[in-house]
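Each remark here refers to the structure printed beneath this line.
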Amino acid sequence: MDHGNTHGWWVRVYKDSKPVESKLFSDGVHGSKPKAKLRAQEHRDKVVKKNKIVPVHLRKTGEHSVDRRSTSGMVGVTLSVTNKAGSLRVHWSARFMEKGRQRNVSFSVRKYGYEGAYRKALRVRCDAIGSNPPRGLKPPLPNRELKKWMKTEAI
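First residue of the sequence shown? That's 200 in my numbering, and the numbers climb one at a time after it.
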């Protein structure tokens, strides 16, 4: 941090989006910019270890991938129903990051069936985040409109 007459390294450590520690390591007090930086890094590492904080870049990508708030039972797996010109298009999608870019892979319910498309999307998502699919996870029951459509389409 270089601001006015203040020169140094500012250490700010957060856990669960809340500040844990905030401290300035002044270049003047520590003798030089590199020495102040070294002391700041040592302090940061000590605070991180003491508070058992896992840096973002070391966290498992899918550590919280099963979530009760997700209607599919798995974060990143969604059911999409669109009505184009009176024709329903229904598919399960898997979303994930690949090489820093968001990817979306969809599986048609008409082609693979309701549960088959769900299983394929689940498998793609789990493969992408490097985890095993949760055992016994089933797709949510389709709503009345979707059941009616599946019956008319013989799915």
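Backbone N, C-alpha and C define an ideal beta-carbon position, used for all residues, glycine too.
Because the structure is a prediction, the values reported are computed rather than measured.
Tell me the residue span of the alpha helix (DSSP H) that contains residue i.
{"i": "Lys-236", "result": "232-249"}
{"i": "Lys-283", "result": "Premise fails: Lys-283 lies in the beta strand (DSSP E), 276-283, not in any alpha helix (DSSP H)."}
{"i": "Glu-314", "result": "313-328"}
{"i": "Leu-345", "result": "343-351"}
{"i": "Val-289", "result": "No alpha helix (DSSP H) contains Val-289, which is instead part of the beta strand (DSSP E) from 286-297."}
Please confirm whether residue i and residue j have their CB atoms less than 8 Å apart.
{"i": "Ala-239", "j": "Asp-226", "result": "no"}
{"i": "Gly-275", "j": "Arg-324", "result": "yes"}
{"i": "Ser-292", "j": "Ser-307", "result": "no"}
{"i": "Pro-341", "j": "Glu-314", "result": "no"}
{"i": "Leu-345", "j": "Leu-321", "result": "no"}
{"i": "Val-174", "j": "Val-212", "result": "For residue 174 there is no data in the structure shown, the boundaries of the chain being 200 and 354."}
{"i": "Glu-352", "j": "Arg-309", "result": "yes"}
Exposed or buried, what is residue i when buried is set at 16 or more other beta-carbons lying within 10 Å of its beta-carbon?
{"i": "Pro-333", "result": "exposed"}
{"i": "Ala-316", "result": "buried"}
{"i": "Val-210", "result": "buried"}
{"i": "Gly-207", "result": "buried"}
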